[in-house]
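Per UniProt numbering, the sequence shown starts with residue 1, numbered consecutively.
Glycine included, each C-beta is placed from N, C-alpha and C at the ideal position.
Quick caveat, the model's predicted, so the values are computed rather than measured.
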Amino acid sequence: MLDDYFSGFRMRFSANSYTTYWINLETGIALGCTISPFLFVMAMEVILKAAEDSAGQVNLGGGCYMSPLKAFMDDTTIICSNEDETRRVLERLDVLMAWCKVKFKPKKSRSLSVRKGKINATTTFTVTSQQIPTVSQEPVKSLGR
Numbered sequence: 001m002l003d004d005y006f007s008g009f010r011m012r013f014s015a016n017s018y019t020t021y022w023i024n025l026e027t028g029i030a031l032g033c034t035i036s037p038f039l040f041v042m043a044m045e046v047i048l049k050a051a052e053d054s055a056g057q058v059n060l061g062g063g064c065y066m067s068p069l070k071a072f073m074d075d076t077t078i079i080c081s082n083e084d085e086t087r088r089v090l091e092r093l094d095v096l097m098a099w100c101k102v103k104f105k106p107k108k109s110r111s112l113s114v115r116k117g118k119i120n121a122t123t124t125f126t127v128t129s130q131q132i133p134t135v136s137q138e139p140v141k142s143l144g145r
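Printed below as a string of structure tokens:
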């Protein structure tokens, strides 16, 4: 049923008096498609569950623990107690994403390493053999600001 639904996904664009030919959609989520976001979230949940065992639960103090991975759609936050755990989670995610034929965009990501309450600007992380910029190198932009 899903194959039938997605097999003929096409779209075209119009601007002023010009309209393009129909274009087959091969990747991405089509505007107005109700099932694509749902399928994406389900797939991301499976990927995150497969990766979260790469690091232990994060101790928040007071007997509170949480998963090292937090996500909303394709925005994922990794919170680990040390560098080695962070690297293990990133390596595991890298393998899982490659298996799913999904690509990380390290340039759109940011890393922040805090040691003893201070930002450690010398710690860097990589994914897909590319360095993730630190928030010191490239501050986070929110809604284009």
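Quiz item: From what residue to what residue does the alpha helix (DSSP H) around Ala43 run?
Solution: 35-52
Quiz item: Using a beta-carbon distance below 7 Å, is Gln131 in contact with chain C?
Solution: Looking at the structure shown, chain C is missing, and only one protein chain is on hand.
Quiz item: Leaving out the 5 sequence neighbours to the left and right, which residues in its chain are closer than 6 Å to Cys80 when beta-carbon positions are compared?
Solution: Ala55, Pro68, Thr86
Quiz prompt | Local conformation of Thr20 per DSSP, three classes | solution = coil
Quiz item: Which value, in whole angstroms, describes the spacing of the CA atoms of Gly63 and Lys103?
Solution: 37 Å
Quiz item: Can you name the start and end residues of the alpha helix (DSSP H) that Phe6 belongs to?
Solution: 2-7
Exercise. Report buried or exposed for Thr19, applying the criterion of at least 16 other Cβ atoms within 10 angstroms of its Cβ.
Key: exposed
Quiz prompt | With 16 other Cβ atoms within 10 Å as the buried cut-off, status of Thr134 | solution = buried
Practice problem: Going by CA-CA distance only, name the one from Met66, Gly117, Ile23 that's closest to Ser14. | Solution: Ile23
Self-check item: Cβ shell of Val114 (< 7 Å), same chain only, five flanking positions each side left out
Solution: Asn120
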